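Step one of this worksheet: look at the structure below.
Residue numbers (my numbering): 697 to 1053.
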């Protein structure tokens, strides 16, 4: 996160002749900066007075200088973009943390490294790539730091409560499990929303408006990795996009669709996808052959892409995925999804590089 240390804090430190309380605060900031967990904004003019003092060690002075020097931005560029400010005699803004009235353990909780709960920790490879792609797309130089945590489905909401006891920088990204655009969000996502609402951190989670995390991979990647048999599914998805671009985010890439679930069913999910399948004219995808053969009713209409999903994850983990430029991925609606995720993740995880002697 971007954390501003207001001038009033340094003024108070100087006027109170560096009492132990203030020395502890400085030590906490220094420890956090050393580890590269956050980015601090310090007015260089105020820093000058602190460094002249004989109340803090030479090493602490070195770290304070590095906090300012290693920022890739000027004080003016970052001022106003912080997540919150440490201050004295706070105003009415909820983004200010008053050092005089906030207990030490609460300050420690605020300075813990950012943690992001994911439904499956293996999904981190795509979220990490989206964040890197977003930074490049914005044309900025930025460093980030976060710890991905494995939520494990239903246990994810409990993890929020457990980690919040010692860390206020707890976040989460989850898909909705929606099977079509007008579907309700799934049970796990609802529990995540409820848990963050209980602790008053409604900006600390992001619920993806898509079926699963694999719906974040661009269509180019699926086309590149699908074999001849699986290419029928890719062609169908391209057909679906031509009718309604949002269908891409709700197709089940791993399981595809069984004929009986779409054509022997009157649910909203079935009706939505049936309309698209009925207009499909792809070689090798013959809906009539399914209708006339009851033995096929439990078969998928097009091949599953679960193996392709695995290959795409492997490529991202190895850093060899070709389609990572936001402005080039397709469908275009996915570009906005990547930017939305990247913007939120950067706000949560913005940091300065680790400081070493």
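Where a beta carbon is used, it is the ideal one built from N, C-alpha and C, also for glycine.
Note that this is a predicted model, so its numbers are computed, not measured.
On the DSSP letters alone, give me the boundaries of the alpha helix (DSSP H) that residue 749 sits inside. Taken as a continuous stretch (DSSP letters only), residue 749 belongs to no alpha helix (DSSP H), as it is neither H nor E.
In three-state DSSP terms, what is residue 1042? helix
Under 8 Å between C-beta atoms, does residue 854 make it to chain C? Protein chains in the displayed structure number just one, and chain C is not present.
How is residue 857 classed by DSSP in three states: helix, strand or coil? helix
Here's a check: name, in chain order, each residue in its chain whose Cβ is nearer than 7 Å to the Cβ of residue 973, leaving out the five neighbours to either side. 958, 983 and 997
If you follow the alpha helix (DSSP H) that residue 813 is in, where does it begin and where does it stop? Here residue 813 belongs to no alpha helix (DSSP H); instead the beta strand (DSSP E) covers 811-814.
Roughly how many angstroms separate the alpha carbons of residue 836 and residue 829, rounded to a whole number? 11 Å
Grouping DSSP H, G and I as helix and E and B as strand, with all else coil, what is residue 759? helix
Apart from the five residues on each side of it in sequence, which residues of its chain come closer than 6 Å, Cβ to Cβ, to residue 860? 866 and 895
Does the separation of the CB atoms of residue 876 and residue 971 fall below 8 Å? no
Please classify residue 898: does DSSP put it in a helix, a strand, or coil? coil
Enumerate in chain order the residues of its own chain whose CB-to-CB distance from residue 732 is below 8 Å, with the five nearest sequence positions on each side excluded. 839, 841, 1047, 1048, 1049, 1050 and 1051
Taking only three categories from DSSP, how would you classify residue 908? coil
Taking the beta carbon of residue 650 as the centre, do at least 16 other beta carbons fall within 10 Å, making it buried, or is it exposed? Coverage of the chain is limited to positions 697 through 1053, which leaves residue 650 absent and any answer about it impossible.
Unbroken beta strand (DSSP E) run spanning residue 1003, endpoints: It is not in any beta strand (DSSP E) - residue 1003 instead sits in the alpha helix (DSSP H) that spans 1002-1014.
Could you give the first and the last residue of the continuous beta strand (DSSP E) run that contains residue 867? 866-870
Which whole-angstrom value describes the C-beta separation of residue 947 and residue 911, a residue pair presumed to lie in contact below a C-beta threshold of 8 Å? 7 Å
Inspect the CB distances between the segment 801-812 and the segment 846-853 and report whether three or more fall short of 8 Å. no
Residue 889 by DSSP, collapsed to three states: which one? helix
What does a CB cutoff of less than 8 Å around residue 995 pick up in its chain, not counting 5 residues either side in sequence? 954, 955 and 986
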